[in-house]
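Residue numbers (the numbering used here), protein chains in the order written: chain A, 2 to 333; chain B, 2 to 333; chain C, 2 to 333; chain D, 2 to 333; chain E, 2 to 333.
See below for the structure under consideration.
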Amino acid sequence: MEKVKSIPMKLYIYSEKNYQEREVTLSQLESEESIFHSTSIDRFWLNLDEEDPVLLKKICELFKIHQLVQEDILLKGQRPKVEEYPHHLFIVAKMVFIQNDVMKMEQISFILGENYLLTFGEIEGDVFDRVRQKLKKEGTEVRAKGVDFLLYQLLDALVEGYYRTLEVMGEKIDQMEEGILSRPGTEEMKAIRSLKKDLLYLHKYAWPLREISSYLSKDDPLFINKETSMYFFDIHSQLMEVIDTIETYRELLAGLMDLSLSSVSYRLNEVMKVLTIISTIFIPLSFIAGVYGMNFKYMPELESRYGYPLAWASMGAVALGMLYYFKKKKWF
Amino acid sequence: MEKVKSIPMKLYIYSEKNYQEREVTLSQLESEESIFHSTSIDRFWLNLDEEDPVLLKKICELFKIHQLVQEDILLKGQRPKVEEYPHHLFIVAKMVFIQNDVMKMEQISFILGENYLLTFGEIEGDVFDRVRQKLKKEGTEVRAKGVDFLLYQLLDALVEGYYRTLEVMGEKIDQMEEGILSRPGTEEMKAIRSLKKDLLYLHKYAWPLREISSYLSKDDPLFINKETSMYFFDIHSQLMEVIDTIETYRELLAGLMDLSLSSVSYRLNEVMKVLTIISTIFIPLSFIAGVYGMNFKYMPELESRYGYPLAWASMGAVALGMLYYFKKKKWF
Amino acid sequence: MEKVKSIPMKLYIYSEKNYQEREVTLSQLESEESIFHSTSIDRFWLNLDEEDPVLLKKICELFKIHQLVQEDILLKGQRPKVEEYPHHLFIVAKMVFIQNDVMKMEQISFILGENYLLTFGEIEGDVFDRVRQKLKKEGTEVRAKGVDFLLYQLLDALVEGYYRTLEVMGEKIDQMEEGILSRPGTEEMKAIRSLKKDLLYLHKYAWPLREISSYLSKDDPLFINKETSMYFFDIHSQLMEVIDTIETYRELLAGLMDLSLSSVSYRLNEVMKVLTIISTIFIPLSFIAGVYGMNFKYMPELESRYGYPLAWASMGAVALGMLYYFKKKKWF
Amino acid sequence: MEKVKSIPMKLYIYSEKNYQEREVTLSQLESEESIFHSTSIDRFWLNLDEEDPVLLKKICELFKIHQLVQEDILLKGQRPKVEEYPHHLFIVAKMVFIQNDVMKMEQISFILGENYLLTFGEIEGDVFDRVRQKLKKEGTEVRAKGVDFLLYQLLDALVEGYYRTLEVMGEKIDQMEEGILSRPGTEEMKAIRSLKKDLLYLHKYAWPLREISSYLSKDDPLFINKETSMYFFDIHSQLMEVIDTIETYRELLAGLMDLSLSSVSYRLNEVMKVLTIISTIFIPLSFIAGVYGMNFKYMPELESRYGYPLAWASMGAVALGMLYYFKKKKWF
Amino acid sequence: MEKVKSIPMKLYIYSEKNYQEREVTLSQLESEESIFHSTSIDRFWLNLDEEDPVLLKKICELFKIHQLVQEDILLKGQRPKVEEYPHHLFIVAKMVFIQNDVMKMEQISFILGENYLLTFGEIEGDVFDRVRQKLKKEGTEVRAKGVDFLLYQLLDALVEGYYRTLEVMGEKIDQMEEGILSRPGTEEMKAIRSLKKDLLYLHKYAWPLREISSYLSKDDPLFINKETSMYFFDIHSQLMEVIDTIETYRELLAGLMDLSLSSVSYRLNEVMKVLTIISTIFIPLSFIAGVYGMNFKYMPELESRYGYPLAWASMGAVALGMLYYFKKKKWF
């Protein structure tokens, strides 16, 4: 028989009146199996935050979860989706949050049964603390309603994570705009690119989420109460806003890229104008000076009393002519 | 109990014959509660233009408004949407207007009951004055018809705000076009970008509005009379025009950006041509002058009577050759 | 009572056998009101080519036209659309034509009743002369069939206006292509941009027309005979062709823009090569000449008999070396 | 009565056993009219490859073809479409082929009756020879089956023309790729543009064809046997492949354009580096040489024994410093 | 009669208990024909990995496969598709894998009957080894279930090939990003372009696959068990992920292209600044030196004791002025 590491899992047992929260091991879980299928009024949320194929398999067997679901939970490159199985509803989504100024992503799977909700994350830590606190407090809606409402609360918190991430990005974009006009360079390029990448992935995760929320609010799925579906519709319209905002930010970033490029090319223009003005003024002057630096024996101008002042005069005339030309061309 | 600031609200009570407009406080409202649910022929419009979560909560309780709606009114980053609840219709939209040459946006929520309409704005001031004046005047359609027609009038004024904003933008784009060709620069870039941003947000606000007007005109929603739906369809086709125009302006701006970039690069070309022509003519000439400025003891040319004129002649030949070359290349 | 300017309108009364065409004033129209609602076999086309809100209102009252239609006719920024009212069909579209080499647009409204057709333009002149001539001639289809067929004929002429405009644009694009490769510049940019703008607006007008033709051919609308709907389908597929062609031309223009930009940048490259070749050859030579132009007392080379020829030799060697380098780099 | 040029038409009369192919004139056709409407087992294909409005009109009258169809055949700017008329099915499409390395297009109209197929081209020559040969040979499917199968064979040959054209384009794109990297220039630009144009038009012709094949395979049209519809579905999926390939090639060409532009700009960079390195090394050196070429009376360095070598030394130091700087910047 | 090369084919005969794998020739196959149509519990998989039109024809006759299918298998430019025929289901798809760091593609056709599956590849070698091993092992699902499940396993392996290919591409993109910023050049351009091309084709192959998986999971096709359809849905959502990832990578590559272009243009800017700074400082200095190198007889400065130091002083002043100007312009 395969060995199972005893990774602690968190089990929340709650009803309108009661609340219990404890770390359980697989063996404890197995010994209490009966309660998961009982029709008592208590509801359960089991949360596992580490990847452990063997443990996962055991839990899946305990809850009679389909083989395909188990494979999907373990495969980390999953597209967010919802699937209805005879005994449970399976949802996989991406949790998004900012950590140390960097966008992080974690895949999270939800399995909703009649009176239980299982959640499987990849690493410790999630965006669900707000929900846990509500669960602890007596009298909150989440305590009074079924596990489908708990699922709503978790998905709501998950979508809020997208909102928060976008807010941080919005601020970054605003800051960038000023930076780019005053000093466009490779650093700015890299920052734009990095944000662009984050937005790309954010879109990749949020877009299929929309299908999930639409399904939960419209298609009358298993274990979702009619009245909860309205809440999922609220999540749906929040997701639409998230997606619209992502789109808007992508356009803003594309605009920043253009601005940066045009700013570089405008600056090049300025640089070249300076070079051209200085060069075209002094090159002819140097030529005149060069001519009278020649050592020919018979150069009448050199002997003349007024040669030197006349050379200066001609050089001045050339310089002024050039300046007039540039002025007329509006180069400065 | 929570304290409620006594923010004045405007209450409009009207019917075909009567019209009454006054500032009310929450307590006044509560004392008159009965009239909102009476089946008298009078109709009410309650307008609140400040954000006050506590006051809002009280009003919502008074009108038995769903918890989700209350949250949605307070959450400012809402996507425009329409939702049908058992006792009322909920619409949230973005009001757009130009203030001091800058595009401003304000979120506005509508709650339509059988004989009342509630509107919640963010700050004082809106685009509804035209409607208020019609409401005051006896004999207008808005006085004769139900609150659904008042809703139409307000949405119509709101959409007109989009029209006006687009008109101002259209004029700016026309002005820019001339500016860019005569003097492309960073200022123009910033102006294009700013307009682009405004158009992006305008699109973000107008696009989901379209879904609202379509819903109101087609899906036979609660509290909307069959004959009013035709008016909402008129709003719908105006919104289509707004969206088409936004699209057209975005393309025009993209074209301006291209024009600006190409104009900068064309100018660079001109600058470089000047530099190249001057440099390539004088550099060889200076070289010739340099050669005869060398101090070698044995340089036969220097002793020659015709050295100097011949040097000039050769320099002239080189210069003419270069000019001929550039002429042939059509550089000027 | 409001005063009504007596703007002459054109009234065409026709049937298979009879044809009558005359200018009428409002008062004449009012005195003949009965005939518009009679069930005689005669059919009427009333054409008004000037904007006159007061007159329009009178006519609308005469024909019992809905208030919204009247507003729509006067609002010039209308999106082309078709609307069915109890007593008439309302269509608004954009007429497009070329005048003095410039694309012009005029809004035109059609109101189709059982035996009459009203058309309202903005200014005198339209693209309907072809239809008027057919109407005059006995034995033509348009004389034999109902007012719905007259509507088809007018819309057909209107769509042909789009065709003609596109033809002119197609020729311009072909001419431009040659111009851009031989001499890219700001003029060409402006021409491309102007064409692009025209195509943008053409698309904006033609796209919703498609919805009109689709509606007229499929949805069995009021006052349109079953057998005429096939003709509207023909218009529909012509509009599809118009839209496809617009799309194709837009892509061609985008390609022209790219070509122009790349042509400018290719030319810059050529200019810079000339500058670089000339400069890098002569700058080192000038340096050598400069060295032997120094006035140090002790410069052994200067005294040498072979100094001068050797200087030339070294300069020649440098020049040849450079030329070889450029040749190897395939710069010319 | 209008005169009719006696343009020879090709008439193919065939059944499973018999095959007859001959050139006919209009009058011969008129005299044999009865056979076209007979219910004999023979099938007819009439092919006319020249534009002749008068002749066309006569044929249309002979076969009782709708007025609109006749107009559509003559109008050359038709969008490919299929239309069902009471007595026949009308299809118009674009034939595409390569002639002398240039893409050519010809409009072709098909009219399918119960036992006849009419085809009208613009000029002599088509892509149907393969089908004609099958028709000649006894025992082929096309001989055994109805005129709908002949239509399938002709459309199949037409779609193969698109395949062949795309193959030629694919090869051209591959060749271009190599050319652009080794020598980007105006010639390559023109070639890219020309291919792009061809692809644009190919897309314009192929896209609506897809609607035709979908209609023929799904909508159970007149005169198309149930079992033949499967064959039209095969054409449909071939067209999807054609359209996918066009899309792919367009992206490849856009990539080529980018490659070409970036290649030009990369080369400019290289050219400028050479200019900058040579200039920035020699300009300071020339300055030093210039200083000691001055003719001031009191210049202590000039008198010094070590002046000249020291001048060389300082010039060498400057040159080496510059080279080190460029090396550090990785310019070569 | 046509000759048939005896290309060895692999025949897998299996049931829950039995497994047999052997190479067969056509004649062996023909002699065993009966078993393919028997209703025994054994299932067959026949795999042919070489193109042989004659052999293919024979097999098709053996299995009564439609003529069109046979043509489709041989035509290598097929768009992936699924078609239902009376006696079998036909699927054609593209297998994708990485070989020697290069993306390779092979067309593969599947024919699914009641108890057999035929697969036709182009060359030896496929991505199905994982499936073959499962087939060998007793007790696996693939052995226990029908041929539709074997088809699922093969398609699953095929889609995994897309996943693997994308993983390799993802790594390449990450590596490129670093390379481009440190040294943008033609090599990087070529690498980007090559990846872009691969992604284009990958998209072309994967997109229609999605239609296949959707069909197999939803439309209740022939020979696919209800319970297997769920597995095909799993493939479907994997394909959606593949397509999303392709899209994301294409955007990342487009971003790389932009980064590369802007990096080149930024570098050009840097190069030009160096040239401009050095040139504009030394050109005026050289001019001053040139002036005092003139040989006029009457140049008072030359005689002056302080001429030389003053010349140096003025040159220093010019140089410092220039440096100050560039500093103020933030050029370094």
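Quick reminder that beta carbons are idealized off the backbone N, C-alpha and C, glycines included.
Out of E:Lys-135, E:Ala-94 and E:Leu-76, which one is the CA nearest neighbour of Glu-17 of chain E?
Along the fifth sequence, read from residue 1 onward, the residue named residue 17 of chain E stands at position 16. Among E:Lys-135, E:Ala-94 and E:Leu-76, the Cα nearest to that of Glu-17 of chain E is on E:Lys-135.
Considering only residues of the same chain and omitting the five flanking positions on each side of Ala-158 of chain A, which have a CB-CB separation below 7 Å?
What you label residue 158 of chain A is simply residue 157 of the first sequence in a count that begins at 1. Answer for Ala-158 of chain A: Val-128, Phe-129, Arg-131 and Val-132, listed in chain order.
Is there at least one Cβ from chain G nearer than 8 Å to Val-103 of chain C's Cβ?
Among the chains of the structure shown, chain G does not appear; the protein chains present are A, B, C, D and E.
On a CA-only basis, which of D:Asp-245, D:Glu-168 and D:Glu-52 is nearest Met-104 of chain D? Give me that one, please.
Within the fourth sequence, numbered from 1, the residue matching residue 104 of chain D stands at position 103. The shortest Cα separation from Met-104 of chain D among D:Asp-245, D:Glu-168 and D:Glu-52 belongs to D:Glu-168.
Which residues bound the alpha helix (DSSP H) around Gln-327 of chain B?
Working through the second sequence from its first residue, we reach residue 327 of chain B at position 326. In the sequence as displayed, the identity of residue 327 of chain B is Phe instead of Gln. Taken as a continuous stretch (DSSP letters only), the alpha helix (DSSP H) holding Phe-327 of chain B covers 308 to 329.
Threshold first: 4 residues or longer. Then list the alpha helix (DSSP H) segments lying entirely within the region 266 to 309 of chain A, N to C.
With a minimum length of 4 residues, the continuous alpha helix (DSSP H) runs that stay inside the region 266 to 309 of chain A are 301 to 304.
Taking just the CA atoms, how far does Tyr-232 of chain E sit from Leu-69 of chain A?
Residue numbering aside, residue 69 of chain A sits at position 68 when the first sequence is read from its first letter. Residue numbering aside, residue 232 of chain E sits at position 231 when the fifth sequence is read from its first letter. Taking the straight line from one Cα to the other gives about 8 Å.
Who are the near neighbours of Phe-327 of chain A in its chain, counting only those whose CB is closer than 7 Å to its CB and skipping five residues on each side?
Locating residue 327 of chain A in the first sequence gives position 326, where the first residue counts as 1. If we look at Phe-327 of chain A and ignore the five residues flanking it on each side, its Cβ neighbours are Ile-278 and Phe-333.
Thinking Phe-288 of chain E and Phe-283 of chain A are a contact (beta carbons under 8 Å), I'd like their distance in whole angstroms, please.
By 1-based counting over the fifth sequence, the position of residue 288 of chain E is 287. By 1-based counting over the first sequence, the position of residue 283 of chain A is 282. That pair is a contact at about 5 Å.
Exposed or buried, what is Val-55 of chain D when buried is set at 16 or more other beta-carbons lying within 10 Å of its beta-carbon?
Locating residue 55 of chain D in the fourth sequence gives position 54, counting from the first residue. Exposed, since its Cβ has fewer than 16 Cβ neighbours within 10 Å.
Show which residues of chain C have a CB atom less than 7 Å away from the CB atom of Arg-44 of chain D.
Here residue 44 of chain D refers to the residue found at position 43 when the fourth sequence is read from its first residue. Neighbours of Arg-44 of chain D on chain C: none; closest Cβ ~28 Å, over 7 Å.
Strictly below 8 Å CB to CB, what residues from chain B border Ala-290 of chain C?
The count along the third sequence starts at 1 and reaches residue 290 of chain C at position 289. Simply Phe-288, Gly-291, Val-292, Gly-294 and Met-295.
Could you spell out where the beta strand (DSSP E) holding Trp-46 of chain C opens and where it closes?
Here residue 46 of chain C refers to the residue found at position 45 of the third sequence. First-last of the beta strand (DSSP E) with Trp-46 of chain C: 44 to 49.
Starting from Lys-82 of chain D, trace the beta strand (DSSP E) in both directions and tell me its first and last residue.
In the fourth sequence, the residue the question calls residue 82 of chain D occupies position 81. Run containing Lys-82 of chain D: 82 to 85, per the beta strand (DSSP E) assignment.
Per the DSSP calculation, Leu-118 of chain E is bridged to which residue(s)?
Counting from one through the fifth sequence, the residue named residue 118 of chain E turns up at place 117. Leu-118 of chain E is bridged to E:Trp-46 and E:Leu-113.
Are Val-292 of chain B and Ala-318 of chain C touching if we call contact CB-CB under 8 Å?
Position 291 of the second sequence, counted from the first residue, corresponds to residue 292 of chain B. Position 317 of the third sequence, counted from the first residue, corresponds to residue 318 of chain C. Cβ distance not < 8 Å, so Val-292 of chain B and Ala-318 of chain C don't count as in contact.
Give the secondary structure of Arg-23 of chain B by DSSP, where H, G and I count as helix, E and B as strand, and everything else as coil.
Along the second sequence, read from residue 1 onward, the residue named residue 23 of chain B stands at position 22. Arg-23 of chain B falls in the strand class under three-state DSSP.
Where Gln-79 of chain C and Leu-152 of chain C are concerned, what is the direct C-alpha to C-alpha distance, given to the nearest angstrom?
Position 78 of the third sequence, counted from the start, is the residue given in the question as residue 79 of chain C. Position 151 of the third sequence, counted from the start, is the residue given in the question as residue 152 of chain C. Approximately 20 Å between the Cα atoms of the pair.
Output yes if chain E places a C-beta closer than 8 Å to the C-beta of Tyr-13 of chain D; else output no.
By one-based count along the fourth sequence, residue 13 of chain D stands at place 12. Not closer than 8 Å to any Cβ of chain E, the Cβ of Tyr-13 of chain D fails to qualify, so no.
Should the region 237 to 245 of chain E be regarded as contacting the region 262 to 280 of chain E, the criterion being three or more beta carbon pairs within less than 8 Å?
No, the region 237 to 245 of chain E is not in contact with the region 262 to 280 of chain E.
Which whole-angstrom value is the C-beta distance of Leu-260 of chain C and Arg-194 of chain D, which I expect to be below 8 Å?
The residue given as residue 260 of chain C occupies position 259 in the third sequence. The residue given as residue 194 of chain D occupies position 193 in the fourth sequence. About 6 Å; that satisfies the 8 Å criterion.
If I follow the unbroken alpha helix (DSSP H) through Lys-135 of chain A, where does it start and stop?
Sequence index remark: in the first sequence, residue 135 of chain A carries index 134 (1-based). Here the alpha helix (DSSP H) through Lys-135 of chain A covers 130 to 137.
Write down the C-beta distance between Ser-214 of chain A and Ser-230 of chain A rounded to the nearest angstrom, noting that I regard them as a contact closer than 8 Å.
Position 213 of the first sequence, counted from the first residue, corresponds to residue 214 of chain A. Position 229 of the first sequence, counted from the first residue, corresponds to residue 230 of chain A. Wrong, their Cβ atoms sit about 10 Å apart, outside the cutoff.
Determine whether the Cβ of Arg-80 of chain C lies closer than 8 Å to any Cβ atom of chain B.
Position 79 of the third sequence, counted from the first residue, corresponds to residue 80 of chain C. Arg-80 of chain C counts as touching chain B.
Against chain A, does Val-275 of chain B count as a neighbour if the rule is that its beta carbon must be under 8 Å from one of theirs?
Taking the first residue of the second sequence as position 1, residue 275 of chain B is located at position 274. Judged by the 8 Å Cβ criterion, Val-275 of chain B is in contact with chain A.
Do Asp-175 of chain A and Phe-224 of chain A have their C-beta atoms within less than 8 Å of each other?
On the first sequence, position 174 is the one that residue 175 of chain A refers to. On the first sequence, position 223 is the one that residue 224 of chain A refers to. No.
If you scan the region 135 to 195 of chain E from start to end, which runs of the alpha helix (DSSP H) of 4 or more residues do you find wholly inside it?
The qualifying runs are 142 to 145 and 148 to 183.
According to DSSP, which residues form a beta bridge with Gln-100 of chain B?
Translated into the one-based positions of the second sequence, residue 100 of chain B becomes position 99. Paired residue(s): B:Val-103.
Tell me where the alpha helix (DSSP H) around Lys-58 of chain B begins and ends.
Here the question's residue 58 of chain B lines up with position 57 in the second sequence. Per DSSP, Lys-58 of chain B belongs to the alpha helix (DSSP H) from 54 to 63.
Nearest by alpha-carbon distance to Glu-178 of chain D: which of D:Tyr-250, D:Leu-113 and D:Gly-126 is it?
Within the fourth sequence, the letter at position 177 stands for residue 178 of chain D. If we check each option's Cα against that of Glu-178 of chain D, D:Tyr-250 comes out closest.
Going along the region 170 to 196 of chain D in order, which residues come within less than 8 Å of chain C, judged by CB to CB distance?
Under the 8 Å Cβ criterion, the region 170 to 196 of chain D contributes Arg-184, Pro-185, Gly-186, Thr-187, Met-190, Lys-191 and Arg-194.
Taking Ser-110 of chain A as the reference, which of A:Lys-146, A:Ile-66 and A:Tyr-163 has the closest Cα?
Counted from its first residue, the first sequence places residue 110 of chain A at position 109. Cα-wise, what sits closest to Ser-110 of chain A is A:Ile-66.
At a CB distance below 9 Å, what residues from the region 217 to 231 of chain B approach chain C? Give them in sequence order.
Going along the region 217 to 231 of chain B in chain order, one finds Met-231 with a Cβ nearer than 9 Å to chain C.
Which chain B residues are close to Phe-283 of chain C, counting only those with a beta carbon under 7 Å from its beta carbon?
Taking the first residue of the third sequence as position 1, residue 283 of chain C is located at position 282. Near Phe-283 of chain C (Cβ distances below 7 Å), the residues of chain B are Ile-284, Pro-285 and Phe-288.
Comparing the C-beta of Tyr-163 of chain E with each C-beta of chain D, is any distance below 8 Å?
Within the fifth sequence, the letter at position 162 stands for residue 163 of chain E. No, Tyr-163 of chain E lies away from the interface with chain D (no Cβ there is under 8 Å from its Cβ).
Can you pull the chain E neighbours of Ser-215 of chain D, defined as C-beta to C-beta under 9 Å?
On the fourth sequence, position 214 is the one that residue 215 of chain D refers to. What Ser-215 of chain D touches in chain E: nothing, since even the nearest Cβ is about 14 Å away.
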